[in-house]
Ligand SMILES: Nc1ncnc2c1ncn2[C@@H]1O[C@H](COP(=O)(O)OP(=O)(O)O)[C@@H](O)[C@H]1O
Ligand SMILES: [Mg+2]
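Numbering (this note's numbering), first residue to last: 3 to 275.
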């Protein structure tokens, strides 16, 4: 059965697009047929992070407006057999995405793909609402700082009330999980950043993963490669662990998967084992 997963946050610049690309690539690497859709009509950078921007001819909006068939707009990744991208364009008006249009495209994609990953724009307005509306699950991307946590909390409220599942009124809900990104263990231990526990206490949703702050993320994005394909990157490894959990595996939570394993809470407290 196919799953629609929205990658959302409220706040901009926290790592939604990076995470959408990394999770999409990770799912594809594990053999799941996956498509990542760019819902960010304002920014349009998913195609660049995934390294397919030069191949864009038709996009999500063309399909919704009936100017192209879905198959004409889908771009197959050149590295991973199971990975596809549905890009969007930044030039057209933001009302180009319609609720009915999005539903039609998602229904068609559900027939072919195991996972449909929706890269949400920032904010809680129309674009973000459309990206989450038909979701089965949500990855709530949050940085360990107060404004990001506050915006994520707002998004959790919307996921619980303004989605197709919530509107069924039978107790159905979008399954939301937290992806804590740009985490710096030392800065958290110093009190410069919030701790994992503090964030979890406020948002009170299951923890999908902790992605460390890592220079490999910018490097991967400049190369147009999802960071999960970089086996040496601590962020890439953390994304692959998160993907494992997303598909239901039990994987121990490590703050920095590049390091030797130590007790999770010892690390949080900055102690050496
Ligand atoms: N784990 C990380 N370590 C370092 N930089 C990161 C990390 N995650 C994201 N970034 C950087 O943060 C910026 C915003 O990321 P992006 O994925 O575009 O966020 P959003 O889609 O939420 O606006 C980018 O420059 C990206 O390279
Ligand atoms: Mg983005």
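Virtual Cβ for every residue (Gly too), placed ideally from N, Cα, C.
Check: residue i C-beta below 7 Å from any heavy atom of ligand 2
{"i": "residue 19", "result": "yes"}
{"i": "residue 84", "result": "no"}
{"i": "residue 224", "result": "no"}
{"i": "residue 99", "result": "no"}
Residue burial classification, residue i (beta-carbon count within 10 angstroms, cutoff 16)
{"i": "residue 253", "result": "exposed"}
{"i": "residue 3", "result": "exposed"}
{"i": "residue 159", "result": "exposed"}
{"i": "residue 102", "result": "exposed"}
{"i": "residue 153", "result": "buried"}
{"i": "residue 80", "result": "exposed"}
{"i": "residue 282", "result": "Look at the range of the chain in this structure, 3 to 275, and you will see that residue 282 is not part of it."}
{"i": "residue 206", "result": "exposed"}
{"i": "residue 100", "result": "exposed"}
{"i": "residue 181", "result": "buried"}
{"i": "residue 174", "result": "exposed"}
{"i": "residue 84", "result": "buried"}
{"i": "residue 187", "result": "buried"}
{"i": "residue 274", "result": "The pLDDT assigned to residue 274 is 40, lower than 50, so where the model puts this residue is not dependable; a value taken from the coordinates is nonetheless given after this. So residue 274 counts as exposed."}
{"i": "residue 57", "result": "exposed"}
{"i": "residue 262", "result": "With a pLDDT of 40 at residue 262, under the threshold of 50, the modelled position of that residue is not reliable, and the figure given next carries that caveat. Result: exposed."}
{"i": "residue 248", "result": "buried"}
heavy atom of ligand 1 below 7 Å from residue i C-beta
{"i": "residue 1", "result": "Since the displayed the chain opens at 3 and closes at 275, residue 1 lies outside it and no answer follows."}
{"i": "residue 27", "result": "no"}
{"i": "residue 156", "result": "no"}
{"i": "residue 215", "result": "yes"}
Short Cβ contact (8 Å threshold) for residue i with residue j
{"i": "residue 139", "j": "residue 87", "result": "no"}
{"i": "residue 134", "j": "residue 36", "result": "no"}
{"i": "residue 257", "j": "residue 213", "result": "no"}
{"i": "residue 210", "j": "residue 237", "result": "no"}
Worksheet entry | alpha helix (DSSP H) runs wholly inside the stretch 161-220, at least 4 long, in chain order | Here the runs fully enclosed are 166-169, 187-191, 198-205.
Discussion item. To test your reading of the DSSP string, which unbroken alpha helix (DSSP H) runs of 4 or more residues are found completely within the stretch 12-83?
Written reply: 18-31, 48-51, 62-66, 72-75
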